[in-house]
Amino acid sequence: MELFQQLIFGFGIALSWQNLLYCLIGVSVGTLIGVLPGIGPLGTIAILLPITFNVAPVGALIMLAGIYYGAQYGGSTTAILVNLPGETSSVVTCIDGYQMARQGRAGPALAIAAIGSFFAGTVGTLLIALFGPPLAEVALQFAAPEYFSLMLMSLVAAAVLAQGDMMKSIAMVALGLLLGIVGRDVNTGIERYSFGITELSDGIGFIVVAVGMFAMGEIISNLGDPEERKVFTAKVTHLFPTWDDMKQSIGPILRGTAIGSFFGVLPGTGPAIASFSSYMVEKKLAADPSRFGRGAIEGVAGPESANNADAQCKFIPMLTLGLPASGVMALMLGALTIQGIQPGPEVMTQRPDLFWGLIASMWIGNLMLVVLNLPLIGLWVKLLEVPYRLLFPAIMAFSAIGIYSVNNSSFEIYLTALFGVAGFVWSKLGFPPAPLLLGFVLGPMMEENLRRAMLMAKGDPSVFVTRPISLGFIIITIGILIVMVAPAVKKRRAEITD
Amino acid sequence: MKLPDSKDFWSGVMLIAIGGAALFIGRDYPFGTALRMGAGFFPLVLGAVLVLFGVYFVARGARSSDKIEGNWSPRALVILPLAFVLFGVLMEYAGFVPALFVLVVGSASAGTEFKLIEVLLLAVLLTAMCVALFIWALGLPYPLFTGS
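Heads up: the protein sequence lines correspond to chains V and W, in order.
Heads up, the first sequence is in the numbering used here, so the first residue is 6 and it goes up one at a time.
Heads up, the second sequence is in the numbering used here, so the first residue is 8 and it goes up one at a time.
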């Protein structure tokens, strides 16, 4: 079995003591920021990216990935104990998780969330291992037209499936693409939108955009509309779920994992959509739906599995095609590029250590999270008592050092301040920030592939519809747009978003 | 005349402004041919797309009544970017320690509660921690105090 050999190879890499350490750091930081509201995985990864420059690529990716899925665990902890979703992915968990906590069943709720997440994480890891290589194989056949169509498809899908106003999401993608072309044009050497500023001729750093919008912009929002935090420090006793709890949860965990894996590979669908869908499914299937909202364990088990499966499967398009399916994945791509690795299907053949090492580490990381989260739950809850007024200056400090250290340039600090203001204004106007980041990362690649495709086809734009794979992507793109404009879907979408 | 306070209206205005600026600044970039696209093709298409979106939102804003929610947190909106800019300037002229200290105290003053002693304590602690972590442990090459 080749698959097992490769997984064993991956475990060999992930189990080296450095990588174990990076994994541990990653999941600990992830749990921490998952517990703390007001700072999400996107902002944290952006802030910590510069620090990973000195780390080997495998270690850097293992750590960043750990932050990402660690945050999902942390987010559910606060959802259950304090009725406060640390992350958007755990909004649904609040509904029944908090009710369980109020009935004195916080322990089983936390345990089932951890078990479900662990199971989903394991399945997700296996799925990447199973589907990654064949997908990359297919992707190796892609030429410029296919890449352009594929990117178009994922950008449209990302904008359409993202939460919020669809038109605003698409506008943000276009804006991101435009920001992505700032700097010297690689083909002609012409400076575009750089206003004679030397720092801009290499383009805007994507850490600048990410930290500005997701760290500073967030802080400005939070200070404007402070959310109330009632810390409910209930004693967590009886951690272990009863046999009945387990029996009730098996179905939801399996279904949640399937739902999450499905949404995971779709671009743009945040973990919130996966967990929400899972919750709706469980409620529909339940013999007595009225239990939901009053502490039904299925309402915790399903969504928690779904959001973790979603988080894991988001790695599939990133690792095999070099396509970011979410804002966090856009950052991961950026991390690869900064490390000098060209993202795409070649990663798997040229850097198998990276691919298999990362996959194996995700499974190890999930295991660490179970161990880390359940016994230490009291410690994490304590952290909730850290007031925001002490937290946000620290976030500002780390952001500033992180950005400055990229190029030792004060200019990028000023630019970040600008993006902080812009990000805040955009969010006030109802523009979601993640699509901009996707467009920003994909912009230069898209332009390059468009040019190459046109050159290849001697200037004939029909190349995008005469090559079958490319045509397939274009048809799906148009299909998504048509379906989304359909009134029934529009209405349903509005319901979910609210 | 009263300015409209619709979210969509201002979204549209912003997009028209950005798209228009992109078109204006990029007007001289060579457009190229379909075979050999110039540096101007992508920017001009995107600029035009943004303007079109802008027009759409302005039109939608004329009918919709969704107001901008929450407040603009003017204090944080001014102070936080300013603290960042100050950090950038101080990094060049004063060194890591003063830059970071000013950043932390400055940022903290954007908050709703500001307790001087607590903030000073936080600034000292954070600065010390960052010096240990970034300068000593990670070896970033910044002088603690410029000219010392």
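We treat Cβ as the ideally placed atom computed from N, Cα and C, and that holds for glycine.
For residue i, which residues does DSSP report across the bridge?
i	result
Arg43 of chain W	Its beta-bridge partners do not exist; DSSP assigns none.
Arg394 of chain V	Paired residue(s): none; Arg394 of chain V is not in a bridge.
Gly188 of chain V	V:Arg197
Lys387 of chain V	Its beta-bridge partners do not exist; DSSP assigns none.
Ser331 of chain V	Paired residue(s): none; Ser331 of chain V is not in a bridge.
Lys74 of chain W	W:Ser13
Residue i touches chain V at which residues, Cβ-Cβ below 8 Å?
i	result
Ser71 of chain W	In chain order: nothing, as chain V lies at least about 11 Å away.
Leu127 of chain W	Going along chain V, no residue has its Cβ under 8 Å from Leu127 of chain W, so there is no contact; the nearest lies around 11 Å.
Thr40 of chain W	Gly464
For residue i and residue j, what's the separation of their Cα atoms in angstroms?
i	j	result
Gly64 of chain V	Glu76 of chain W	42 Å
Gln344 of chain V	Ala51 of chain V	15 Å
Leu140 of chain V	Val96 of chain W	48 Å
Arg260 of chain V	Leu388 of chain V	33 Å
Ser475 of chain V	Ile481 of chain V	10 Å
Gly229 of chain V	Gly425 of chain V	14 Å
Ile483 of chain V	Ala162 of chain V	10 Å
Asp503 of chain V	Ile100 of chain V	Low confidence applies to Asp503 of chain V: its pLDDT is 49, below 50, so where it sits in the model is not reliable enough to give any reading.
Ala458 of chain V	Lys252 of chain V	55 Å
Leu455 of chain V	Glu196 of chain V	19 Å
Phe49 of chain W	Pro294 of chain V	52 Å
Gly61 of chain W	Val430 of chain V	16 Å
Ala179 of chain V	Phe436 of chain V	12 Å
Ser159 of chain V	Leu42 of chain W	25 Å
Met461 of chain V	Pro329 of chain V	26 Å
Chain W beta carbons: is any one of them nearer than 9 Å to that of residue i?
i	result
Glu452 of chain V	yes
Tyr393 of chain V	yes
Met401 of chain V	yes
Phe16 of chain V	no
Asn412 of chain V	no
Arg299 of chain V	no
Met489 of chain V	no
Thr471 of chain V	no
Tyr78 of chain V	no
Ala116 of chain V	no
Ser415 of chain V	yes
Tyr198 of chain V	yes
Mind pulling the chain W residues with CB within less than 7 Å of residue i?
i	result
Thr421 of chain V	Phe91
Ala405 of chain V	Phe91, Phe94, Leu110
Tyr409 of chain V	Met98
Closer than 9 Å by beta-carbon distance: list the chain W residues that pair up with residue i, in chain order.
i	result
Asn59 of chain V	Leu145, Gly146
Phe267 of chain V	Within chain W, no residue comes near Phe267 of chain V; the closest Cβ sits about 31 Å away, beyond 9 Å.
Ala176 of chain V	Ser18, Leu22, Val56, Leu57, Phe60, Gly61, Tyr63, Phe64
Gly201 of chain V	Residues of chain W passing the Cβ test: none, with the nearest at roughly 12 Å.
Met221 of chain V	Leu87, Pro88, Phe91
Ile186 of chain V	Ala46, Phe49, Pro50, Leu53
If residue i and residue j are in contact, beta carbons under 8 Å, what's the gap, nearest whole angstrom?
i	j	result
Ser80 of chain W	Pro398 of chain V	Going by Cβ atoms, the distance from Ser80 of chain W to Pro398 of chain V rounds to 16 Å, so no, they are not a contact pair.
Val187 of chain V	Ile212 of chain V	Wrong, their Cβ atoms sit about 15 Å apart, outside the cutoff.
Leu151 of chain W	Phe103 of chain W	5 Å
Ala311 of chain V	Ala279 of chain V	4 Å
Ala316 of chain V	Ser254 of chain V	Between Ser254 of chain V and Ala316 of chain V the Cβ distance is about 19 Å, and since that is not below 8 Å, they are no contact.
Leu147 of chain W	Ser410 of chain V	6 Å
Val375 of chain V	Ala119 of chain V	5 Å
Ala402 of chain V	Leu110 of chain W	6 Å
Ile224 of chain V	Leu127 of chain W	Not a contact, Cβ separation roughly 20 Å.
Taking Cβ-Cβ distances shorter than 8 Å, what residues in chain W pair up with residue i?
i	result
Asp230 of chain V	Gly77, Asn78, Ser80
Ala179 of chain V	Leu53, Val56, Leu57, Phe60
Asp190 of chain V	Ala46
Thr482 of chain V	The contacting residues do not exist; Thr482 of chain V stays about 15 Å from chain W at best.
Thr193 of chain V	Pro37, Gly45, Ala46
Flag residue i as yes if its beta-carbon sits less than 9 Å from any beta-carbon of chain V, otherwise no.
i	result
Ile124 of chain W	no
Met8 of chain W	Because the pLDDT at Met8 of chain W is just 43, under 50, the model does not fix this residue reliably, and the value given afterwards should be weighed accordingly. No, because no Cβ of chain V sits closer than 9 Å to the Cβ of Met8 of chain W.
Ile32 of chain W	yes
Val104 of chain W	no
Met50 of chain W	Looking at the sequence itself, residue 50 of chain W is Pro, so the reference to Met does not match. For Pro50 of chain W, the answer is yes, since a Cβ of chain V falls inside 9 Å of its Cβ.
Pro150 of chain W	no
Val96 of chain W	yes
Ala139 of chain W	no
Gly27 of chain W	no
Thr119 of chain W	yes
Ala135 of chain W	no
Ala130 of chain W	yes
List the residues of chain V that residue i touches, going by C-beta distances under 7 Å, in chain order.
i	result
Leu84 of chain W	Ile225, Val426, Phe429
Lys14 of chain W	Leu434, Gly435
Counting only Cβ pairs nearer than 9 Å, list the residues of chain V close to residue i.
i	result
Val111 of chain W	Pro398, Ala399, Met401, Ala402
Ala101 of chain W	Those within 9 Å of Ala101 of chain W in chain V number zero; the least Cβ separation is about 12 Å.
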